[in-house]
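Residue numbers (the working numbering): -10 to 209.
Take a look at the structure:
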């Protein structure tokens, strides 16, 4: 996947790359990084212009270096730009990704979201499409509550939540209607089932963002 960091504004028509999608995530040991890349790649193939962004790391260096997978992920993602409020303004749609943290999103992603108060007050976060994905180390590790907690924030934004639901047969294998999710850590790579689910979610977000933009344009 090409790094879609700072492409110029698209000049093509609504039938081509008219959807601007920001994939904004936090990952410690790399699982969410891989999911984010899979979603970004699928969205690009669906015709979206994509920015892949990571939330800034807040953990002390000693904590990072104590976990080899964490340290390696930090090094491996050094070329991925950190998310800024400008990415939210630019985007027509945002897909957030976070590992589960006690049934909630990670503090690093929450900190980024908490910096968006100024945009929220101006109504700049409303009327965009949002979705989310997650991963946990255990089967009942809080994946659904993590995504529901994220979507509570989106309701405050005035955003439009688009989930995969069970709109594709592959979702019955993945089993999470709220968003793509994966069980396992860095030693459990993403399988075809999860990558398929990521593609379904990305394409659905692009499809309905495109439809929303077209409808709003026609409505004036």
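We treat Cβ as the ideally placed atom computed from N, Cα and C, and that holds for glycine.
Contact between the segment 126 to 138 and the segment 156 to 175 is present: three or more C-beta pairs spanning the two stretches fall below 8 Å. Comparing C-alpha distances from residue 149 to each of 120, 176 and 190 shows the shortest one belongs to 120.
If the five residues before and after residue 95 are omitted, its C-beta is found closer than 6 Å to the C-beta atoms of 15, 87 and 88, all from its own chain and listed in chain order. Across the structure, residue 76 and residue 55 are spaced so that their CA atoms are roughly 32 Å apart. Between residue 44 and residue 72, the gap from beta carbon to beta carbon is short of 8 Å.
When C-alpha distances from residue 68 are compared across 84, 42, 147 and 47, the shortest belongs to 42. Between residue 27 and residue 107, the alpha-carbon positions lie close to 31 Å from each other. Going by beta carbons, residue 36 and residue 195 fall inside the 8 Å limit.
Across the set 84, 47, 61 and 20, the C-alpha of 84 shows the shortest separation from the C-alpha of residue 40. In the three-state DSSP reduction, residue 21 falls in the helix class (H, G or I).
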